[in-house]
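See below for the structure under consideration.
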């Protein structure tokens, strides 16, 4: 799986664990996660 997709899924799992909606995203610039 794409490394950026994996990072977004991890963020979604964190949100779900905190009782929120399981939505995750990352901001990528020049091949690096910046947010």
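In this note's numbering, the protein residues as written are 237 to 271. A virtual CB, placed ideally from N, CA and C, is assigned to each residue, including glycine.
Output the distance between the C-alpha atoms of residue i and residue j, rounded to the nearest integer angstrom.
i, j, result
"residue 254", "residue 247", "11 angstroms"
"residue 259", "residue 266", "23 angstroms"
"residue 270", "residue 239", "13 angstroms"
"residue 261", "residue 250", "11 angstroms"
"residue 252", "residue 242", "15 angstroms"
"residue 256", "residue 263", "20 angstroms"
"residue 244", "residue 237", "11 angstroms"
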